[in-house]
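>
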Amino acid sequence: MMLEEFSAWFVWIIPLIASLFVPVIGKYSEKARNYFVIAIAGIVGVLALSLVPSVWSGEGEAITYTIPWISGFVEAGVYIDSLSVLFTCLVAFFALIIAVYSQGYMKGEEGLTRYYYLLLLFIGSMIGLVISDNMLQMFIFWEMVGLCSYALISFWYKKPESIHSGVKVFIMTRIGDIMLLAAIAILFYMFGTFSFHGVIEGLQSGVFNTELMVITAFLVLGGAVAKSAQFPLFTWLYSAMEAPTSVSALLHAATMVKAGIYLLSRFILIFAAAPALIVALQPYWFPTISWIGVITAFIGATLGLMTTDIKGVLAYSTVSQIGFMMAGLGTAMAHTTDVAMSTGWFASLFHMVSHAFFEGLGFLLAGGIIHALGTRDMRLMGGLKKAMPLTFALMIIMIVTTSGLPPFAAFFSKGLILTSVMDAGSLIQTILIFAATAITFAYCIRMFSLVFMGKPSEHISKIHVHEAPKIMLVPAAILAALCIVWGIAQPYIASFMHIELEHTLLGAFTSAETPIFLLLLLPAFLLAYASYYKNFMGIRKIAAGKNPLTAILNHAYFIDDLYYGIAKGINGFSAALTRFENALFAHIPDKVGSDISDAAAPGHVMTLKKGPSDSFRNYVAAAVLGFILIMVLIVLTVGFGGI
Amino acid sequence: MDFVILALVMLAIGIYGLLTNRQLLKVFISIELIATAATLNFVMLASPQGLGEALLVLAFSVDTAVSAVILALLVLVSKRYGTGDLSKIIAKMQENAEKEESEVEAQ
């Protein structure tokens, strides 16, 4: 067995198996359990890194290893190429960061064994999701990360809001899961295989139904939209903030929400096996992705301006940044059918990693602040500059990176996406995405000034605010360092991804979008500065008052209200049906499960002894009726042979 | 393809049951009916390849295990809240949460 084959299998099998040992070890010693989790995360990191050299030195060809799964029918496999290894390394790295950070953030919480069990289960399933060769296998992991997300959001199960959020997230992502399952079923029907390499071979042979493939592509997009919190299914990410902050950083900023980006970039790679298919997808599918992307980027950024929850700002920021990645993917293949020549495809993945660094950093710092203050409401913060100097310094790096100022990571990655959208997108798309970058800067400044600047609030003056412990600051500092370095690593990443990039590092400073971008930041900065330092024109008063704009922003564009309306309609329908049924069968007693204790009461036992009562006769009648109904159904469906 | 019709009928009955019932036990029965309809489809569609029997055994054993766990949970829930009615349970949950909140505030 070669080293990379060994690593590719065990990088996800080890955490899955190790997760089962967490409850056993946790029973004996909590300390041993914590070290065990960190050790497993470290092993996963080493295994993930060992995959890098062979992919880097290779020709960009994917390597697959398979073993029999369901005999003679389906094979399980791993698929090693630059895309899957990039994601594997990112997940493994973040797993280690969060495993260490949790030691500080989750200290003294109840139910930590459950927490670490779910963490390891998530790490294993997420890596399994990105490294699977088999779509069925991928789908199982896709559901497992959804399950882990649900369970971790509802981690504090005694709080009604967190239960409600968990259920909401589960249901909303489920819409996408069903679409993805349908897409997989269609692909299996067309090519008779679940494996990626099988589908690629089928596409290369040129024998496929183009219309059906376009429908499949739209179904895949639906899966990605729900999982990556894109318009119109983005509202779940804000609710997901009920989770512990460490979980938000790992699942809802760095890794799980990127599963949709992974899915789309993987399927673009697969579709590119047949250039004719890419040509067929260019008129509708790719523009749909870029429209969803720019709309989400804009909506997410505007919502980030209004929320008072510090994690809410980061959540909407995540929604907005993933919108940027979608826009990059949507404009990727506008002029070419070869992924290796595409700027947008690379830009989106490059931004995916830099977003993981700066958003993860933001969440880790927010976790420290929440830890110290015991609240997520930014109106209760303020003036933390003196009390938390290290957090303050790291937050400056996060703000600068998020807004895309040179020379930090997002300047290069976001710049590439802007170039791609300007090249291929329409004018409105370009305007929307530039507006989104400017608003990004504004909400960053707003969050920063509400939390760190100004006078300390009454809430703060009552408690003693302390700097976050070292075990929480060190992971954040590592992420901050990566925020600075990652952008400069662009040529190396491009060569790792086997992309022929036209844009050099220096080109990022001279290309057309940079001056526009920097010029747009100026008014955004002035507006934010004026409103949050000088209270200029009473912008804050307008924002606090009632007018159509604030109503729209406070209700997240009324999209949640729409969903609750649909749910209400179904409830009303269900109530009407119940009334109808009650009227129809008013004389048949409804005893099943309703009151078991009633049936066991002494009086009833007496009546049974005396002889069959009215209700007893009714039961028998109902049973006979049911039997006849089943017989009729069998005869109707299977024919008399069935009996 | 007759089994598809049977599965569809089972699915429809299950959805009707979910829509009209608030009793935990009935909700569970309805969900089981839907799950069985899906299993029936899978098993019958897989039978030409000879996989049907294997899938049937797997599906039944998994389903039994799942039912056992769910039933145990139902018993626990109805014991804790003293009723099996979903709307009553939700009302009681909210009541408890409000009580806890007011206790925290009192402290």
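Here the protein sequences line up with chains A and Z, keeping their order. If you count the first sequence from 1, you need to add 2 to reach this note's numbering. If you count the second sequence from 1, you need to add 52 to reach this note's numbering. Heads up, the beta-carbon is just placed ideally off N, CA and C, and yes, glycines get one too.
1) Who are the Cβ neighbours of Ser167 of chain A in its own chain at under 6 Å, not counting the five residues just before and after it?
2) Could you give the DSSP three-state label for Thr506 of chain A: helix, strand or coil?
3) Under 8 Å between beta-carbons, which chain A residues line up against Ala89 of chain Z? List them in chain order, please.
4) Quick check on this structure: which residue in A:Phe236, A:Val315, A:Leu92 and A:Lys170 has the alpha carbon closest to the alpha carbon of Phe560 of chain A?
5) How would you label Glu153 of chain Z, buried or exposed, when you count the other beta carbons within 10 angstroms and need 16 or more for buried?
6) With a Cβ-Cβ cutoff of 7 Å, do Ala329 of chain A and Leu283 of chain A count as a contact?
7) Are the beta-carbon atoms of Ser322 of chain A and Gly302 of chain A separated by less than 7 Å?
8) Are the C-beta atoms of Ile57 of chain Z and some chain A residue less than 7 Å apart?
9) Any chance you could list the alpha helix (DSSP H) runs of at least 4 consecutive residues sitting entirely within the segment 61 to 103 of chain Z, in chain order?
10) Output the boundary residues of the alpha helix (DSSP H) element that contains Ala336 of chain A.
11) Thr421 of chain A and Ala412 of chain A - do their beta-carbons sit closer together than 7 Å?
12) Could you give the DSSP three-state label for Thr257 of chain A: helix, strand or coil?
13) Using only the alpha-carbon positions, how far apart do Ala20 of chain A and Leu122 of chain A sit?
14) Taking the alpha carbon of Leu647 of chain A as the reference point, which residue from A:Ser104, A:Phe12, A:Leu18 and A:Arg35 has its own alpha carbon closest?
15) Can you grab the Cα-Cα spacing for the pair Phe94 of chain Z / Ala623 of chain A, in whole Å?
16) With DSSP run on the structure shown, which of helix, strand or coil describes Asn136 of chain A?
17) Could you pull the start and end residues of the alpha helix (DSSP H) that Ile568 of chain A belongs to?
18) Indicate whether at least one CB of chain A lies closer than 7 Å to the CB of Met62 of chain Z.
19) Grab the span of the alpha helix (DSSP H) containing Tyr445 of chain A for me, first residue to last.
20) Is there a Cβ from chain Z that is less than 7 Å from the Cβ of Asn408 of chain A?
21) Please state whether the Cβ-Cβ distance between Ala530 of chain A and Arg448 of chain A is less than 7 Å.
22) Give a yes or no on whether the C-beta atoms belonging to Val132 of chain A and Ser86 of chain A are separated by under 7 Å.
23) Return helix, strand or coil for Ile72 of chain A, following the three-state DSSP convention.
24) So what's Glu63 of chain A in DSSP terms, helix, strand or just coil?
25) Please classify Ile630 of chain A as buried or exposed, where buried requires at least 16 neighbouring CB atoms within 10 angstroms.
26) Is Asp135 of chain A closer than 7 Å to Thr66 of chain A when the C-beta atoms are compared?
27) If you pair each beta-carbon of the segment 29 to 46 of chain A with each one of the segment 464 to 483 of chain A, do three or more pairs fall below 8 Å?
28) Would you tell me roughly how many angstroms separate the C-alpha atoms of Gly406 of chain A and Trp71 of chain A, rounded to the nearest one?
29) For Ser344 of chain A, I'd like the list of residues in its chain whose CB is within less than 7 Å of its CB, leaving aside the five on either flank, ordered along the chain.
30) Would you kindly work out how many angstroms separate the C-alpha atoms of Ile65 of chain Z and Asp137 of chain Z, rounded to a whole number?
31) Check whether chain Z comes within 7 Å of Glu145 of chain A, counting only Cβ atoms and requiring the distance to be less than that.
32) Only counting the same chain, and skipping five residues up and downstream in sequence, which positions put a Cβ closer than 6 Å to that of Ile142 of chain Z?
33) With burial defined as no fewer than 16 other Cβ atoms inside 10 Å of the residue's Cβ, what is the status of Thr439 of chain A: buried or exposed?
34) Can you tell me which of the three DSSP states Ala82 of chain A falls into?
35) Report all residues from its chain with a CB closer than 7 Å to the CB of Trp238 of chain A; omit the five preceding and five following residues, and keep chain order.
36) Quick one: which unbroken alpha helix (DSSP H) runs of 4-plus residues sit fully inside the segment 33 to 60 of chain A? Chain order, please.
Taking the definition as stated:
1) Ile155, Ser241 and Glu244
2) coil
3) Those do not exist, as Ala89 of chain Z stays about 12 Å from chain A at its closest Cβ, beyond 8 Å.
4) A:Phe236
5) exposed
6) no
7) yes
8) yes
9) 76 to 98
10) That residue, Ala336 of chain A, is in no alpha helix (DSSP H); it is neither H nor E in DSSP.
11) no
12) coil
13) 7 Å
14) In the structure as shown, chain A begins at 3 and stops at 645. Residue 647 of chain A is therefore absent and cannot be evaluated.
15) 34 Å
16) strand
17) Ile561 to Leu586
18) no
19) Leu429 to Phe454
20) In the sequence as presented, Asn is not what sits at residue 408 of chain A; that position holds Pro. No, its Cβ sits nowhere closer than 7 Å to a Cβ of chain Z.
21) yes
22) yes
23) strand
24) coil
25) exposed
26) yes
27) no
28) 46 Å
29) Ala334, Met335 and Thr338
30) 20 Å
31) no
32) none
33) buried
34) Correcting the residue type first, residue 82 of chain A is Ile in the shown sequence and not Ala. Correct three-state label for Ile82 of chain A: strand.
35) Lys170, Val171, Met174, Thr175 and Ala231
36) 54 to 59
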